[in-house]
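Q: Each protein sequence line maps, in turn, to chains A and B.
Per numbering that gives the first Met the number 0, the first sequence starts with residue 0, numbered consecutively.
Per numbering that gives the first Met the number 0, the second sequence starts with residue 0, numbered consecutively.
All C-beta atoms in this analysis are idealised placements derived from N, C-alpha and C, irrespective of residue type, glycine included.
Please find one structure pasted underneath; my questions will follow.
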Amino acid sequence: MDFWSEIFMALRRNKLRTILTGFAISWGIFMLIILLSVGNGLKNGVNTNFADRAKNTYTIWSSETELPYKGHKANRWITLTDKDIEYLENHLYHVDEVSPVFTKGGMLIFSDKSKSVQVEGVRPIYKNIQGIKIMEGRFINDNDMKTKAKVVVIDKTTAELVKDKIISDKEQENPVKARKTKRYKNDDISILGQLVMINDINFTIIGVFEGQMWGNMGQCYAPFSTMQLIYNENNRYYQLSFTTKGLETKEDNENFSKELKRNMALLHEFSPDDQRGVWIDSQMLNALETNKIFNTINIFIWVIGIAMLISGVVGVTNIMRITVKERTVEIGIRKALGAKPRSILMSIVMEALIITTVFGYAGMFVGMGLMEVINKIMETVNAGKGANEAAVFLNLSVDIKIVFMATLVLIISGVIAGLAPAWKAVNVKPVEAMSNRS
Amino acid sequence: MIKLEGINKTYFGAQPLHVLKGIDLNVGEGELVSIMGASGSGKSTLLNILGILDNYDDGSYYLAGKLVKNLSENQAAEYRNKMIGFIFQSFNLIPFKTAVENVALPLYYQGVPRKKRNMMAMEYLDRFGLKDWAGHYPNELSGGQKQRVSIARALVTSPKIILADEPTGALDSKTSIEVMKILHEVNASGITMIIVTHERGIANLTNKIVHLKDGIIENIEENNSQIVDFEREVK
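If you want it as structure tokens, here you go:
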């Protein structure tokens, strides 16, 4: 107990020294946290834009050929048809479920409100392929497909348009109630089951999904079979998406991509060497590519972090050496008065330990606190945005274990740094120590 | 109390320096002895050996009947703590401790509880008229006060001997007289005291003057005058 109060007194009476040493450590840890958090935030931010999509999906886009082949001229447009769907489903082992995407632009009308929308005719599996998040109701199901139901899933913004119209209608109907309750609450109104007119055809709203198109366009999903029935007599598609099975590795996917391209070339009679003809896009290969970038960023961040930690260690070492040197006289006096070497060594080491621990963890908590505050602010800012609007940074966070380890490294190095000169000082003769009046 | 037999000490530097060349000395209990010599005569080295702050190469040193030779650091620390009180020319007070804390420090190393050691330290400060200054830091004290604090610190463990290295070296004559009077009182209470000095006046105030020259004792002068005239001796 007395030992500790001696140490705390020494720390209190040498405030400047204590604070300078402590600040070096706090600052090192603080900066490390900021660095790692921002790195993680960047990663989280970009990852959310992919995270919900299934990894085992492919999309084929129709395109123009680049090379002439077998009597066909170059710049021929390759169209995807039911034949391609049939081929994908029945002839390629790795293909699991296919959803063609038939896109049609149009005007959505609800009562006296209207909005231009893009309707995509898709199969139920498309929800997984695209990572569509349903907020209300449901997505298209097999029964809709079978019955060619005129149902539609609309985006959040379009849904709000419909909802606002319903509310203002109700308020006009019943002004007294509206005045009493100020306003019909958004939550009380469900738009599910409402009829909207898209290109003069009535569709029933069955679901609302999160996210929106870029710009002011609305986005809707309808059953593929329905859309095919209404618009697409020729069965020509611009886009085919499908899920795969049994493609685990990068090599699997690369090989499959090549095989697919070769087969499409054969099917549509374009050169297998043609860079174009059809575009093939593998979600997994995209993700791997993204990961590669992030690994590089990660390595970069770690290199900087470790460099920072090293400079912290050097700083702490330096301060410790100076501190002990500065205290040589004091050590000499204490020795003359009968202090045992162990007692002196212990007090120096414990002082170093206390300073580094207290300030190290202080820096840690300040850093983590700041990150939390920034997160809260960003949450508020991001709340107004749609999901498809990419947030560059999301959820700045840092692995607490890593921070603890980094702090521990600083603490240990601080103690070791103090130990060596302290050992030297302790072993110096008291006379020499006391005459050391530099 | 102190018995030195053929003490030899050489410093091994770039050029070996034979500082003490066979010192034989006896100091009885309660004696007040001064060691005089020009600088380089080896008097500081001798004091360091007496204070177990330094070791010696040859010979033997008995302190209160115990042979002090080849002690471990811990033993040396314990001997210093229990048997020897130091008074330095430059006071060597710890700057960030108050007067009372400085005086109590040797007791801390004996494991005396805080309350008790501060009480004991206060007693000694009181004895030297520094009670009111107990809470002051060394840089708030005058030279004479500082030296009195360090005398209190030397006495607080009730040591067998007091070793004083130029105790008045940094003081003016008025405070020097004060300090010497205190040291006389301390000695009168029965504590053996050795004062290293190069001032004849200070030496004249001791019972025995050991003249050191080039690492050997030139002669030992007995000084048995009963009347001690501080004012005449200290100028």
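Applying a beta-carbon distance threshold of less than 7 Å, which residues of chain B neighbour S346/A?
A: Going along chain B, no residue has its Cβ under 7 Å from S346/A, so there is no contact; the nearest lies around 11 Å.
Q: If we define contact as Cβ-Cβ less than 7 Å, is H137/B a contact residue for chain A?
A: The amino acid occupying residue 137/B in the given sequence is Pro; His does not appear at that position. It does not; no Cβ of chain A falls within 7 Å.
Q: Grab the span of the beta strand (DSSP E) containing D251/A for me, first residue to last.
A: Element bounds for D251/A: not the beta strand (DSSP E) but the alpha helix (DSSP H), K249 to H267.
Q: Do we get a CB-CB distance below 7 Å when we pair L223/B with the residues of chain A?
A: It is worth fixing the name first, because residue 223/B is Asn in this sequence and not Leu. No, N223/B lies away from the interface with chain A (no Cβ there is under 7 Å from its Cβ).
Q: When the cut-off is 7 Å and only beta carbons count, does T17/A lie next to chain B?
A: No, T17/A does not count as interfacial toward chain B.
Q: Assuming contact is defined by CB atoms lying nearer than 7 Å, are G143/B and E177/B in contact in what I supplied?
A: Going by C-beta atoms, G143/B is nearer than 7 Å to E177/B.
Q: Identify the contact partners of N203/B in chain A, using a Cβ-Cβ distance below 8 Å as the criterion.
A: Ordered by position in chain A, no residue passes the 8 Å Cβ test against N203/B, which lies about 27 Å from the chain.
Q: Could you tell me the distance, in whole angstroms, from the CA atom of H93/A to the CA atom of L259/A?
A: So the alpha carbons of these two residues sit roughly 10 Å apart.
Q: What are the start and end residues of the alpha helix (DSSP H) that includes E5/A?
A: First-last of the alpha helix (DSSP H) with E5/A: D1 to R12.
Q: Measuring only between beta-carbons, confirm whether L52/B sits less than 7 Å from chain A.
A: At least one chain A Cβ lies under 7 Å of L52/B.
Q: Between the alpha carbons of A421/A and N43/A, how many angstroms are there, rounded?
A: Each residue's alpha carbon lies about 46 Å from the other.
Q: Who are the Cβ neighbours of D272/A in its own chain at under 8 Å, not counting the five residues just before and after it?
A: Excluding sequence neighbours, D272/A sits near L66.
Q: When you check each C-beta in the stretch 329–343 of chain A against every C-beta of chain B, which residues fall closer than 9 Å?
A: Taking 9 Å as the Cβ-Cβ cut-off against chain B, the residues of the stretch 329–343 of chain A that qualify are E329, G331, I332, R333, K334, A335, L336, G337, A338, K339, P340, R341 and S342.
Q: If we require 3 or more residues per run, which beta strand (DSSP E) segments fall completely within the stretch 196–234 of chain B?
A: With a minimum length of 3 residues, the continuous beta strand (DSSP E) runs that stay inside the stretch 196–234 of chain B are 207–212 and 215–221.
Q: Output yes or no for whether 7 Å exceeds the beta carbon distance between K339/A and A76/B.
A: Going by C-beta atoms, K339/A is nearer than 7 Å to A76/B.
Q: Of all the CB atoms in chain A, is at least one closer than 7 Å to the CB of G12/B?
A: Answer no: the Cβ-Cβ gap between G12/B and chain A never drops below 7 Å.
Q: Any idea which residues DSSP pairs N54/B with across the strands?
A: None, per the DSSP bridge assignment.
Q: For the alpha helix (DSSP H) containing F95/B, list its first residue and its last residue.
A: From DSSP, F95/B is part of no alpha helix (DSSP H); its letter is neither H nor E.
Q: Just to confirm, are V402/A and M363/A a CB contact at a threshold of 7 Å?
A: The answer is yes: Cβ separation under 7 Å.
Q: In the DSSP assignment, what residue or residues form a beta bridge with S115/A?
A: For S115/A, which the question treats as bridged, DSSP gives the partners M106/A.
Q: Taking 7 Å as the threshold (beta carbon to beta carbon), is K400/A in contact with chain B?
A: Taking Cβ atoms only, chain B never reaches closer than 7 Å to K400/A, which makes this a no.
Q: Would you mind working out which of V155/B, E198/B and T156/B sits nearest D164/B, comparing C-alpha positions?
A: Checked all of V155/B, E198/B and T156/B; the closest Cα to D164/B is E198/B.
Q: Measuring alpha carbon to alpha carbon, tell me which of F29/A, T146/A and I347/A ends up nearest V365/A.
A: For the residues F29/A, T146/A and I347/A, the minimum Cα distance to V365/A belongs to F29/A.
Q: Please state the DSSP three-state secondary structure of T243/A.
A: Here T243/A sits in strand by DSSP.
Q: When the Cα atoms are used, what is the spatial distance from M118/B to M345/A?
A: So the alpha carbons of these two residues sit roughly 26 Å apart.
Q: Looking at K114/A and T157/A, is the spacing between their C-beta atoms short of 7 Å?
A: Contact flag set, yes.
Q: Using a Cβ-Cβ cut-off of 7 Å, state whether K324/A counts as contacting chain B.
A: Chain B, which has no Cβ nearer than 7 Å to the Cβ of K324/A, makes this no.
Q: Provide the residue span of the alpha helix (DSSP H) that contains Y86/A, from first to last.
A: Note, Y86/A: alpha helix (DSSP H), D81 to H90.
Q: Would you say N101/B lies against chain A (beta-carbon separation less than 7 Å)?
A: No, its Cβ sits nowhere closer than 7 Å to a Cβ of chain A.
Q: To the nearest angstrom, how far is the alpha carbon of W60/A from that of I410/A?
A: So the alpha carbons of these two residues sit roughly 57 Å apart.
Q: With contact counted as at least three CB pairs below 8 Å, one residue from each stretch, are the stretch 229–247 of chain A and the stretch 154–174 of chain A in contact?
A: The answer is no - the stretch 154–174 of chain A does not touch the stretch 229–247 of chain A, with fewer than three Cβ pairs under 8 Å.
Q: Using the beta-carbon of each residue, which ones in chain B are nearer than 7 Å to K428/A?
A: Ordered by position in chain B, the residues that pass the 7 Å Cβ test against K428/A are L52 and D53.
Q: With which residues is V37/A paired in a DSSP beta bridge?
A: In DSSP, V37/A forms no bridge with anything.
Q: Give me the residue from T295/A, N89/A and S62/A with the minimum Cα distance to L79/A.
A: The shortest Cα separation from L79/A among T295/A, N89/A and S62/A belongs to S62/A.
Q: Is V155/B helix, strand or coil when you go by DSSP?
A: Of the three classes helix, strand and coil, the one that applies to V155/B here is coil, per DSSP.
Q: May I ask you to report which of helix, strand or coil DSSP gives E209/A?
A: Three-state DSSP puts E209/A in coil, outside helix and strand.
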